[in-house]
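Here the protein sequences line up with chains A and B, keeping their order. full-length UniProt numbering numbers the first residue of the first sequence as 1 and each following residue consecutively. full-length UniProt numbering numbers the first residue of the second sequence as 1 and each following residue consecutively.
2 protein chains.
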Amino acid sequence: MSLRSTVDFLLYDWLRIESLTQRERFAEHSRETFDAVLDTCERIAREKYAPFNRLVDTQEPQFDGEKVILPQATHEAWRAYAESGMLSAAQDVEIGGMQLPYTVEAAANAFFARASVSIGAGMLTVGNANLLMAHGSELQKKVFALNEFSGRWAGTMCLSEPQAGSSLSDIATRAVPDGADFEGDPLGPRYRLKGHKMWISAGEHELTENIIHLVLAKIPDEDGRLIPGVKGISLFIVPKKLVDAEGQLTGERNDVALAGLNHKCGWRGTTNTLLNFGEGRYPVRGAAGAIGYRVGAPGEGLRCMFHMMNEARIGVGMAAAMLGMAGFEASLDYARNRPQGRPIGPAGKDPAQPPIPIIRHADVKRMLLAQKSYAEGALALELYCARLVDEQHTGTPEAANDARVLLEVLTPIAKSWPSEWCLEANSLAIQVHGGYGYTRDFPVEQYWRDNRLNMIHEGTHGIQAMDLLGRKVLMENGRGLQLLGARIAETVQRAQQVPELAAHAQALAQALQAVGAATQAAWASGDPADALANAVPYMQAFGHTVLAWIWLDVGLVAHRSADHPVRTGRLAAMRYFFHYELPKIGAWLQVVSHRDRTCADLPEEAF
Amino acid sequence: MSLRSTVDFLLYDWLRIESLTQRERFAEHSRETFDAVLDTCERIAREKYAPFNRLVDTQEPQFDGEKVILPQATHEAWRAYAESGMLSAAQDVEIGGMQLPYTVEAAANAFFARASVSIGAGMLTVGNANLLMAHGSELQKKVFALNEFSGRWAGTMCLSEPQAGSSLSDIATRAVPDGADFEGDPLGPRYRLKGHKMWISAGEHELTENIIHLVLAKIPDEDGRLIPGVKGISLFIVPKKLVDAEGQLTGERNDVALAGLNHKCGWRGTTNTLLNFGEGRYPVRGAAGAIGYRVGAPGEGLRCMFHMMNEARIGVGMAAAMLGMAGFEASLDYARNRPQGRPIGPAGKDPAQPPIPIIRHADVKRMLLAQKSYAEGALALELYCARLVDEQHTGTPEAANDARVLLEVLTPIAKSWPSEWCLEANSLAIQVHGGYGYTRDFPVEQYWRDNRLNMIHEGTHGIQAMDLLGRKVLMENGRGLQLLGARIAETVQRAQQVPELAAHAQALAQALQAVGAATQAAWASGDPADALANAVPYMQAFGHTVLAWIWLDVGLVAHRSADHPVRTGRLAAMRYFFHYELPKIGAWLQVVSHRDRTCADLPEEAF
């Protein structure tokens with residue numbers, strides 16, 4: 001099975017995305033135009049990304065005191081990506097975009113993630129520009145967003161700070177009005193920013209003429225105090241190099257300085273930085289602070305930023321899924337070609353017989369089927385969520401609203417599940433290779449290292465779990481959980497009609513009921529500290545239930561397809577999930593249902 | 001909790017090893033002499049190992065065409081280790097040893113593994129020399145083993161070959177008698193060896209004057225054919241530099257040549273090599289082939305080698321446990337000192353309050369308690385197995401025989417369980433650190449990379465599982481499983497008397513019964529291919545049951561101890577294991593009991 005044929009199956013047979021072309025926004029599209037985009041991306045990924053994946057791991061970004069040096073291959077990959085038009089794939093045709101469904105955009109981007117997850121930093125630039133399209137002024141869109149969509153400039157998201165980490169309410173970057181006329185700047189109300197931003201991906205490089213930082217900062221009150229909490233957070237555009245209202249560089253360097261490169265365990269093709277804003281390294285226009293232009297109203301910064309969070313989290317989930325896929329493909333190839341050992345039983349007793357390829361050993365098959373089940377399941381989940389994004393944007397008001405609510409509930413799973421289980425897939429890929437897998441002569445150890453990031457960035461596992469159990473399943477009186485339950489029930493009902501799938505349908509119905517009961521039990525005492533003590537095990541069980549549903553739904557389509565090894569493999573991956581994975585939810589839900597406080601109550605000094 | 005106080009508790013309070021001093025072999029020992037060894041090792045590990053753990057990761061072994069260059073710190077660590085006497089800790093006093101119980105030796109070595117798992121290669125040298133003490137001639141012991149125990153020479157184990165991997169029956173290294181008088185050599189029957197050996201740890205270095213390779217090879221029959229299968233395997237001593245019967249170097253280099261260094265994901269302080277034997281790089285004494293001296297009878301090679309396997313596997317398990325411990329300690333320290341976020345509930349609503357240390361967050365506590373439960377549980381398991389080794393060597397005949405059989409059953413768990421779960425612990429240690437954990441400025445990502453080796457070397461996870469379900473639980477009519485069951489039942493019975501532990505006792509009894517039933521069900525069809533299709537899930541369930549038993553047994557002792565945060569912590573780690581971990585066995589045993597063939601039956605072309 002190639003990734004492409006899996007993608008085609010999921011897009012066209014399972015999600016039936018051709019039907020999107022009946023909608024006005026996508027009316028100019030057809031299966032042919034979708035395929036052309038997928039073809040192009042698959043080719044660029046194969047030619048400009050995959051061959052350099054190990055290179056970007058060994059040649060880490062270097063700071064020479066002036067510039068960040070990246071391998072030539074990274075420059076070429078960026079150029080090819082920008083030239084493909086993918087940066088503006090989802091944008092209106094009239095501003096140079098393709099008006100492509102997000103589902104197709106996400107699928108096309110999967111090829112880059114599979115080829116080299118860390119070369120490409122397109123996602124941040126697109127997210128940055130999308131945010132400006134949603135919340136920026138007309139001139140901010142024209143000057144900043146459009147130049148990002150064209151690939152002329154790149155973008156970042158500057159949220160975290162060294163002292164605050166995930167706790168955005170504690171950020172301390174300050175933004176003060178830049179002079180009496182600060183509101184008169186055509187690029188937006190002008191401020192001076194001072195502070196440190198940590199974990200900024202692509203925060204400094206020479207890939208593009210300019211870098212557009214989107215920065216969260218607080219505007220002090222008249223006494224110079226910062227408003228505590230997230231309510232005080234505003235959003236600013238802080239270009240590395242200042243530009244005029246026409247989008248031309250003015251020749252002035254803004255006071256944004258690289259304070260350090262983070263040296264990571266993996267994902268080394270993307271620069272990760274600590275940036276100092278307004279520290280005086282590059283004094284600009286005779287006053288202190290980096291110049292930034294406010295986006296939206298004061299205090300609305302976090303709301304603006306979260307606008308893009310769902311897509312960013314789908315992007316992380318897709319990256320994790322594609323690392324899982326890359327490891328699966330590598331270990332499948334190895335297992336087919338590596339002769340070692342003999343079959344179990346009488347046939348294997350004769351040492352004079354030649355060894356067999358290791359793919360014939362049951363435990364190797366188990367490790368391969370687990371990977372297939374994790375990676376293809378994760379891909380299907382991400383594409384399902386991407387389809388919900390399209391529904392939210394182009395569906396009927398009712399369908400759009402349902403999609404929005406469903407996305408809220410599914411996003412923590414879309415982010416966390418592939419991060420956890422496709423990392424496990426990568427570990428299995430190493431294991432299939434034996435000692436070779438532990439060497440840097442084979443690609444799988446890098447996939448594993450690269451993938452370890454995904455449970456951390458864009459909201460850690462713990463944050464996703466709190467979001468799911470503490471917010472998402474409660475919001476709008478539990479409507480998200482009800483909608484999801486209805487969709488799962490609908491799949492169960494269809495699967496019950498198919499004798500081969502009926503037992504799975506039954507198992508999924510029970511799992512759904514167990515998750516629902518655990519949700520109730522978690523909140524039964526009304527104390528959030530009780531409920532959230534086991535938010536991560538809850539999320540793990542929720543995630544496995546969602547994936548079982550995805551697999552059963554995919555299985556319904558696969559089951560109707562023509563007899564072929566591909567059909568056999570898909571149905572086996574589904575069956576693997578139901579037999580080996582879904583039963584795990586019992587252990588996770590038990591502590592949730594009991595509101596187990598073994599961990600939460602342990603005093604610090606007892607560890 | 002320091003590692004030392006945990007070790008003391010397990011050795012003296014739980015395993016009551018002082019009673020060993022009543023045995024003749026250990027009569028000269030006392031708690032004071034045991035403590036002195038532990039003190040010395042703790043100090044050397046702190047001074048000579050821990051400070052250089054990152055250094056050996058970044059300064060990988062380099063081959064300059066002539067020699068393998070290791071950091072100076074590695075030379076100093078080796079020297080300090082050899083001077084401590086630990087290489088001969090278990091040996092008779094009359095040959096310069098300490099006659100130390102293996103339990104104390106294993107505990108003392110734990111400090112080195114925790115400080116820097118990959119600097120020390122002492123384990124292989126000791127294993128090599130121990131094997132010679134068991135199977136070598138008197139002169140082989142004197143010339144080779146004693147010079148290894150003194151640290152003058154180092155040792156290796158050369159089993160794998162590039163084409164054979166775990167399948168030792170397929171090794172192709174040939175050993176032919178070296179001349180008509182080959183049997184007359186005082187060092188043992190002399191052969192000429194030709195072949196390639198892969199994955200040889202410490203296969204080339206300048207730490208010692210000489211390197212003594214123990215090599216598995218096949219002696220061809222009169223037609224020059226190798227006997228297929230493991231029956232044809234013999235064992236040879238192949239010194240890097242030839243020596244005379246007095247143990248002096250003769251000045252001749254033997255024909256053992258470094259063919260390549262493996263570049264690993266972690267564990268980089270230890271050289272891992274591909275060695276060519278008898279390829280003609282260093283022609284010696286006018287004939288082709290590397291000179292080797294046979295140990296034991298022809299065809300007995302694998303049996304001799306397996307003599308040392310149990311201790312080697314306990315060593316791997318201990319290494320994995322100590323990496324888990326190192327990550328736990330690092331993340332506990334980080335969690336205590338990193339302020340971020342606020343409590344859940346009303347107290348956390350006021351953003352003007354200062355952030356709290358992250359150790360106060362329930363999910364961080366969960367990640368810490370899981371690590372504690374994995375790492376301390378694994379340490380207890382390894383020490384228990386080490387205690388069985390002492391019983392096997394110095395117990396009454398009946399007790400020794402029971403210990404031998406129990407060790408056979410427990411060894412796959414002692415090897416595999418820490419390799420899997422202390423790797424998970426290291427992943428949690430990264431997660432506690434957030435983004436910092438993913439950088440090379442903190443030690444945890446290295447622990448995680450180092451630990452990934454342990455599921456691979458000294459028999460992969462899959463091999464351990466086949467050994468457990470395919471051999472160990474069946475041998476001697478299931479006596480191993482019966483003995484283990486009796487010990488578990490004895491712990492259950494005692495715990496039932498303690499109200500606080502009674503529920504755990506009940507859960508453990510049920511788990512034991514479930515494992516027993518699954519063992520029966522796995523073999524019910526009589527077809528090994530049915531039983532072994534799910535050998536790994538079986539081993540996972542078996543391992544979790546064993547660890548639950550270990551924790552309950554430790555908990556019984558902890559429960560009787562004085563009220564103190566340490567007692568609270570131990571009982572919480574036990575409770576964590578029973579609430580969060582043991583329930584996982586249901587999912588694993590289900591596929592075993594059903595003899596699920598979803599994976600085993602999938603045709604190759606369907607993946």
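We put the beta carbon where it would ideally sit given N, CA and C, even for glycine.
Alpha-carbon spacing of residue i relative to residue j, whole angstroms
i: Val405/A; j: Gly480/A; result: 5 Å
i: Asp244/A; j: Thr250/A; result: 6 Å
i: Gly85/A; j: Leu258/B; result: 51 Å
i: Asp35/A; j: Ala115/A; result: 19 Å
i: residue 619/B; j: Val238/B; result: The question about residue 619/B has no answer, for chain B in this structure spans 1 to 607.
i: Leu508/B; j: Glu382/B; result: 20 Å
i: Gly224/B; j: Tyr191/B; result: 14 Å
i: Tyr334/A; j: Trp417/B; result: 26 Å
i: Asp255/B; j: Leu124/A; result: 57 Å
i: Asn401/B; j: His393/B; result: 10 Å
i: Pro351/A; j: Glu300/B; result: 17 Å
i: Ile232/B; j: Ala180/B; result: Reading off the sequence shown, one finds Gly at residue 232/B, where the question assumed Ile. Using only the alpha carbons, I get a separation of about 22 Å.
i: Gln590/B; j: Cys422/A; result: 23 Å
i: Gly586/A; j: Leu547/A; result: 15 Å
i: Ala113/A; j: Gly569/A; result: 24 Å
i: Glu408/B; j: Gly127/B; result: 18 Å
i: Pro412/A; j: Gln59/B; result: 40 Å
i: Arg253/B; j: Gly203/B; result: 15 Å
i: Met157/B; j: Gln22/B; result: 35 Å
i: Glu490/B; j: Ala505/B; result: 10 Å
Residues bridged to residue i [DSSP beta-bridge criterion]
i: Pro239/B; result: Ile212/B
i: Pro339/A; result: Pro357/A
i: Ser234/B; result: Ala217/B
i: Gln112/B; result: The sequence shown places Phe at residue 112/B, rather than the Gln named in the question. Paired residue(s): none; Phe112/B is not in a bridge.
Amino acids of chain B, ordered along the chain, whose beta-carbon sits closer than 7 Å to that of residue i
i: residue 611/A; result: Nothing about residue 611/A can be reported from this structure: the residues present for chain A run from 1 to 607 only.
i: Asp170/A; result: Pro355
Under 8 Å from the C-beta of residue i: neighbouring residues of chain B
i: Tyr374/A; result: Under the 8 Å cutoff, chain B gives no residues; its nearest Cβ is about 13 Å from Tyr374/A.
i: Ser86/A; result: Note that residue 86/A is Met in the sequence shown, not Ser. What Met86/A touches in chain B: nothing, since even the nearest Cβ is about 27 Å away.
Under 8 Å by beta carbon: chain A residues contacting residue i
i: Ser167/B; result: Gln340, Gly341, Arg342, Pro355
i: Leu332/B; result: Phe607
i: Gly345/B; result: Asp527, Pro528, Ala529
i: Pro228/B; result: Asp350, Pro351, Ala352
Amino acids of chain B, ordered along the chain, whose beta-carbon sits closer than 9 Å to that of residue i
i: Arg174/A; result: The contacting residues do not exist; Arg174/A stays about 16 Å from chain B at best.
Chain A contact residues for residue i, given Cβ-Cβ distances below 7 Å
i: Met455/B; result: Gln431
i: Leu532/B; result: Ile344, Ala362
Within chain C, partners of residue i - CB distance below 9 Å
i: His307/B; result: In the structure shown, chain C does not exist; the protein chains are A and B.
If you measure beta-carbon to beta-carbon, which residues of the stretch 570 to 603 of chain A are closer than 7 Å to chain B?
Ala572, Arg575, Tyr576, His579, Tyr580, Pro583, Lys584, Gly586, Ala587, Gln590, Val591, Asp596, Thr598, Cys599, Ala600, Leu602, Pro603
Indicate whether the contact test is met: 3 or more Cβ pairs, each with one atom in the stretch 565 to 578 of chain A and one in the stretch 541 to 559 of chain B, closer than 8 Å.
no
Residues within the stretch 424 to 444 of chain A neighbouring chain B, beta-carbon criterion of under 8 Å
Ser427, Ile430, Gln431, Gly434, Gly435, Gly437, Tyr438, Thr439, Arg440, Asp441
Count the C-beta pairs between the stretch 142 to 155 of chain B and the stretch 78 to 93 of chain B that are closer than 8 Å, then say yes if the count reaches three, no if not.
yes
Between the stretch 16 to 31 of chain B and the stretch 93 to 102 of chain B, do three or more beta carbon pairs fall short of 8 Å?
yes
Check distances from the C-beta atoms of the stretch 262 to 276 of chain A to those of chain B and list, in chain order, the residues that come in under 9 Å.
Asn262, His263, Lys264, Cys265, Gly266, Trp267, Asn272
So if I threshold CB-CB distances at 9 Å, which residues from the stretch 535 to 563 of chain B count as touching chain A?
Ala535, Val536, Pro537
Chain B contacts from the stretch 355 to 370 of chain A (Cβ-Cβ distance under 9 Å)
Pro355, Pro357, Ile358, Ile359, Arg360, His361, Ala362, Asp363, Val364, Lys365, Arg366, Met367, Leu368, Leu369, Ala370
Would you say the stretch 447 to 457 of chain A touches the stretch 317 to 330 of chain B, given that touching needs at least three Cβ pairs under 8 Å?
no
I'd like to know if the stretch 160 to 178 of chain A and the stretch 214 to 222 of chain A are in contact, where contact means that at least 3 CB-CB pairs between them fall below 8 Å.
yes
Indicate whether the contact test is met: 3 or more Cβ pairs, each with one atom in the stretch 535 to 546 of chain B and one in the stretch 467 to 480 of chain B, closer than 8 Å.
yes
According to a CB-to-CB cut-off of less than 8 Å, which residues of the stretch 179 to 205 of chain B neighbour chain A?
Met198, Trp199
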